[in-house]
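J.: For the sequence shown, numbering that gives the first Met the number 0 gives the first residue as 0, with consecutive numbering after it.
Beta carbons are placed, not taken as given, at the ideal position from N, Cα and C, and that holds for glycine.
Because the structure is a prediction, the values reported are computed rather than measured.
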Amino acid sequence: MSTHIITPGPYRATKLWNEITHLFRAGMPLKKHRQNLRNYSSCFTALAAVDWLHQMLCSNSNFGPDVTRQQTVQLLKKFLKNHVIEDVKGRWGTEDLEDNNTLYRFPSTSPLKPIPCPAVPSASKGIKKRPSLRDKEGFFRFKSLKKNEQEAEENQQAEEEKDPEEPHVQRRELTEDDERNIWRDTTLTHLQKILGVASLDEVLDPRSVNPHHIIHNMTKVNKHGVVALDDKTNDLPHWVLSAMKSLANWPKYDSAEPSYPGFERDVFKTVSDYFYSLPQPLLTYELYELFINVLGLLQPQSERVAIEALQLCTLLLPPASRRKLQLLMRMMSRISQNVDMPPLHPAIGTRTLMVHTFSSCVLGSADECDLDELLATRLVSFLMDHQQSILSVPQYLLGAINDHVQCLRTAQVPVEDMANADGSEPVCAPLPLYTFCHQISGAEFEHQKLSYSQKAMEDLLEMLVSDQNMTEKDRCKRLKQFQKQYPDIYSQRYPSTEKASKTNNKPKMKAPLLIRKTKAFSIRS
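1) So residue 339 and residue 249 are supposed to be a Cβ contact under 8 angstroms. How far apart are they, rounded?
2) Just to confirm the assignment, what range does the beta strand (DSSP E) spanning residue 37 have?
3) Tell me the rounded alpha-carbon separation between residue 64 and residue 56.
4) Considering just the uninterrupted stretch of the beta strand (DSSP E) at residue 104, what are its terminal residues?
5) Nearest CA to the CA of residue 393: which residue from 259, 185, 23 and 364?
6) Should residue 277 and residue 368 be called a contact, given that it needs their Cβ atoms to be closer than 8 angstroms?
7) Does the separation of the CB atoms of residue 183 and residue 208 fall below 8 angstroms?
8) Under a Cβ-count criterion, where at least 16 other Cβ atoms within 10 Å of its own Cβ denotes burial, should residue 383 be classed as buried or exposed?
9) Keeping to the same chain, check which residues put their C-beta closer than 7 angstroms to that of residue 228; ignore five residues upstream and five downstream.
10) Under the assumption that residue 62 contacts residue 377 (Cβ atoms under 8 angstroms), give the Cβ distance between them as a whole number of angstroms.
11) What's the C-alpha gap between residue 43 and residue 281?
12) Could you please give the first and the last residue of the uninterrupted beta strand (DSSP E) stretch that includes residue 32?
13) Going by the beta-carbon positions, is the gap between residue 99 and residue 46 smaller than 8 angstroms?
14) Where residue 105 and residue 79 are concerned, what is the direct C-alpha to C-alpha distance, given to the nearest angstrom?
15) What residue range is occupied by the uninterrupted alpha helix (DSSP H) comprising residue 404?
16) Please check the pair residue 246 and residue 334, which I expect to be a contact at CB under 8 angstroms, by giving their CB distance rounded to whole angstroms.
17) In chain order, what residues of the same chain lie with their CB nearer than 6 angstroms to the CB of residue 77, ignoring the 5 residues before and after it?
18) Looking only at DSSP bridge pairs, what is residue 86 linked to?
19) Count the other CB atoms, across all protein chains shown, that sit within 10 Å of the CB of residue 211; report buried if there are 16 or more and exposed otherwise.
20) Quick check on residue 202: does DSSP put it in helix, strand or coil?
21) Which first and last residues belong to the alpha helix (DSSP H) in which residue 387 is found?
22) On the three-state DSSP scale, how would you describe residue 49?
23) Determine whether the beta carbon atoms of residue 488 and residue 461 lie at a separation below 8 angstroms.
24) Between 90, 284 and 19, which lies nearest to residue 203 when the distance is taken from Cα to Cα?
25) Run through DSSP, which three-state label would residue 119 get?
26) So what's residue 226 in DSSP terms, helix, strand or just coil?
27) Can you tell me which of the three DSSP states residue 304 falls into?
28) What three-state label does DSSP hand residue 220 in the structure shown?
29) Between residue 49 and residue 380, what straight-line distance do the alpha-carbon atoms span, to the nearest angstrom?
30) Along the chain, where does the alpha helix (DSSP H) that runs through residue 285 open and close?
31) Who are the Cβ neighbours of residue 373 in its own chain at under 8 angstroms, not counting the five residues just before and after it?
32) Note the first and the last residue of the continuous alpha helix (DSSP H) segment covering residue 352.
33) Exposed or buried, what is residue 451 when buried is set at 16 or more other beta-carbons lying within 10 Å of its beta-carbon?
34) Can you tell me whether residue 470 is buried or exposed, with buried defined as 16 or more other CB within 10 angstroms of its CB?
35) Relative to the C-alpha of residue 193, which candidate in 406, 230, 172 and 311 has its C-alpha closest?
36) Should residue 395 go down as buried or exposed, given a rule of 16 or more other Cβ atoms within 10 Å for buried?
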């Protein structure tokens, strides 16, 4: 069954729930079953439902192959609670479902969840937004660089031609508040471009974005790329760090530590218990909707885009949460790749155990969501595989922000509400322009490749024909070579020559082969 990609946007979790519900109702095979001397038509067993739904989730690009059978059972329990399914006696509303031969069926009513319509904020109840540099002074208006440079030159000429007695525009130095706004707005602008949404307001509460966190996460890192904290009381406890190092470097742990059979399992449980005791997931409740929307980019063809999006999203985290996430992902990655690590669970593989143990510690919503566990599994699996790229500082963004701040410090900032003499807005240094590639289909790529290549060859042919510095002999020689290699393009330029060559290209009769009789050689002669 075809998979519909749920693109980034508001209420993505609800859309995913409706998509899975639709696929399950449309694809689950229904049969006639007999139970307790009675026949039930158009129903299925819980065992068959788990088999079918688990296979569908693993092949669905919105969830991926890391979904376990136990998670599928949990999803079916949610289906029973929300009346997506009911038992053959019409009972629902509980999560009393097991992986067995109990019979279930689909209800006649629609089980889809309504998608809320975003309410239009009224003028009286709306939150008054503090005016920023973007609103007041046009700092972050994305115009072409050519246009900005042209406007700057025109204003510079006008300034030179202006009467020296005319008062100049008052300017002030760049404040710390201005710099913080630049860090925040530039990061969010990049993120909005990558996600491809018209506005971030529907997936991110602007009040949850702290520019201090962005600045700290990008500028205060150690030589290993891990965030360094100013307040050490927010760091991981020493005994947790020691336990994580022991597992990450197994079996090269400290010889002073005790060693006994099952020691590594006890250490792993100690680490997992600590992360479960945290008051909220590492990605925070406030950024839950944002990370859920990034999951729409976790497709094979857009993996690089997903990495860049997660790279920017994790910059919004509090430094203490980002540091914990970095150390946890490094430990998980090393453990899952360590062939010398003894099994940490008798029935589950090491990688699967890592993902499903810490998924709820990384991503979760403040309000219970039916797909929380599946979505967290998908995200944590991708984070663990690409933790080195995602949790590193994006140097291109760091350099762009520093250059822009330095430029504004040199040019200074116009005083608020101070317009130019002609009534226009004050001219400020433009923010560097960043563009992102637009993904095209394979067929369109092939079409563009052929059309651009053909246009280049046509230009080359015209250059051969119109080159005045070339002798006629060389011109004829190169035109013949071109005609031999690109006959189609040549025939478009010289159609009559091609027709003439075809009409004159008649088969010629070859001269008969003359065989001269020679005297036979003989030994006797």
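T.: Looking at the coordinates:
1) Taking the first residue of the sequence shown as position 1, residue 339 is located at position 340. Taking the first residue of the sequence shown as position 1, residue 249 is located at position 250. Right, their Cβ atoms sit about 7 angstroms apart.
2) Walking along the sequence shown from the start, residue 37 turns up at place 38. Per DSSP, residue 37 belongs to the beta strand (DSSP E) from 37-44.
3) What you label residue 64 is simply residue 65 of the sequence shown in a count that begins at 1. What you label residue 56 is simply residue 57 of the sequence shown in a count that begins at 1. Approximately 7 angstroms between the Cα atoms of the pair.
4) For the purposes of this step, residue 104 is identified with residue 105 of the sequence shown, where counting begins at 1. Note, residue 104: beta strand (DSSP E), 102-104.
5) Locating residue 393 in the sequence shown gives position 394, where the first residue counts as 1. The shortest C-alpha separation from residue 393 is found at 185.
6) Numbered from its first residue, the sequence shown carries residue 277 at position 278. Numbered from its first residue, the sequence shown carries residue 368 at position 369. For residue 277 and residue 368, no; Cβs fall outside 8 angstroms.
7) In the sequence shown, counting from the first residue as 1, residue 183 sits at position 184. In the sequence shown, counting from the first residue as 1, residue 208 sits at position 209. The answer is yes: Cβ separation under 8 angstroms.
8) Reading the sequence shown from its first residue, position 384 is the one you call residue 383. Looking at its Cβ environment, which holds 16 or more other Cβ atoms inside 10 Å, residue 383 is buried.
9) Here residue 228 is taken as the residue at index 229 of the sequence shown, counted from 1. Contacts found: 234, 318, 319 and 322.
10) Mapped onto the sequence shown, residue 62 falls at position 63. Mapped onto the sequence shown, residue 377 falls at position 378. Contact holds; Cβ gap of about 5 angstroms.
11) By one-based count along the sequence shown, residue 43 stands at place 44. By one-based count along the sequence shown, residue 281 stands at place 282. Taking the straight line from one Cα to the other gives about 40 angstroms.
12) Walking along the sequence shown from the start, residue 32 turns up at place 33. Counting along the chain, the beta strand (DSSP E) containing residue 32 begins and ends at 30-34.
13) For the purposes of this step, residue 99 is taken as residue 100 along the sequence shown, with counting starting at 1. For the purposes of this step, residue 46 is taken as residue 47 along the sequence shown, with counting starting at 1. The answer is yes: Cβ separation under 8 angstroms.
14) Taking the first residue of the sequence shown as 1, we reach residue 105 at position 106. Taking the first residue of the sequence shown as 1, we reach residue 79 at position 80. If I take the Cα positions, the gap works out to 10 angstroms.
15) The sequence position of residue 404 within the sequence shown is 405, counting from 1. Per DSSP, residue 404 belongs to the alpha helix (DSSP H) from 394-410.
16) Within the sequence shown, the letter at position 247 stands for residue 246. Within the sequence shown, the letter at position 335 stands for residue 334. Going by Cβ atoms, the distance from residue 246 to residue 334 rounds to 6 angstroms, so yes, they are a contact pair.
17) On the sequence shown, residue 77 is found 78 positions in, with the first residue counted as 1. These residues qualify, in order along the chain: 369.
18) To locate residue 86, count along the sequence shown from 1; it is residue 87. Answer is 103.
19) Counting from one through the sequence shown, the residue named residue 211 turns up at place 212. That one is exposed.
20) Taking the sequence shown and counting its residues from 1, the one referred to as residue 202 is at position 203. Here residue 202 sits in coil by DSSP.
21) As a first step, residue 387 is located in the sequence shown; it is residue number 388 there, counting from the start. Run containing residue 387: 386-389, per the alpha helix (DSSP H) assignment.
22) By one-based count along the sequence shown, residue 49 stands at place 50. Here residue 49 sits in helix by DSSP.
23) Walking along the sequence shown from the start, residue 488 turns up at place 489. Walking along the sequence shown from the start, residue 461 turns up at place 462. For residue 488 and residue 461, no; Cβs fall outside 8 angstroms.
24) For the purposes of this step, residue 203 is taken as residue 204 along the sequence shown, with counting starting at 1. With distances taken between Cα atoms, residue 203 lies closest to 284.
25) Taking the first residue of the sequence shown as 1, we reach residue 119 at position 120. Because the pLDDT at residue 119 is just 47, under 50, the model does not fix this residue reliably, and the value given afterwards should be weighed accordingly. In this structure, residue 119 counts as coil in the three-state DSSP scheme.
26) Along the sequence shown, read from residue 1 onward, the residue named residue 226 stands at position 227. Three-state DSSP puts residue 226 in a strand.
27) Within the sequence shown, numbered from 1, the residue matching residue 304 stands at position 305. Helix at residue 304.
28) Your numbering for residue 220 matches position 221 in the sequence shown. Three-state DSSP puts residue 220 in a strand.
29) Against the sequence shown, residue 49 aligns to sequence position 50. Against the sequence shown, residue 380 aligns to sequence position 381. One C-alpha to the other measures close to 22 angstroms.
30) Along the sequence shown, read from residue 1 onward, the residue named residue 285 stands at position 286. Premise fails: residue 285 is in no alpha helix (DSSP H) and is neither H nor E.
31) The residue labelled residue 373 in the question sits at position 374 within the sequence shown. The answer, listed in chain order, is 56, 62, 66, 70 and 74.
32) On the sequence shown, residue 352 is found 353 positions in, with the first residue counted as 1. Run containing residue 352: 349-361, per the alpha helix (DSSP H) assignment.
33) The residue given as residue 451 occupies position 452 in the sequence shown. Under this definition residue 451 is an exposed residue.
34) Reading the sequence shown from its first residue, position 471 is the one you call residue 470. It counts as exposed.
35) The residue given as residue 193 occupies position 194 in the sequence shown. Ranking 406, 230, 172 and 311 by Cα distance to residue 193 puts 311 first.
36) Reading the sequence shown from its first residue, position 396 is the one you call residue 395. Exposed, since its Cβ has fewer than 16 Cβ neighbours within 10 Å.
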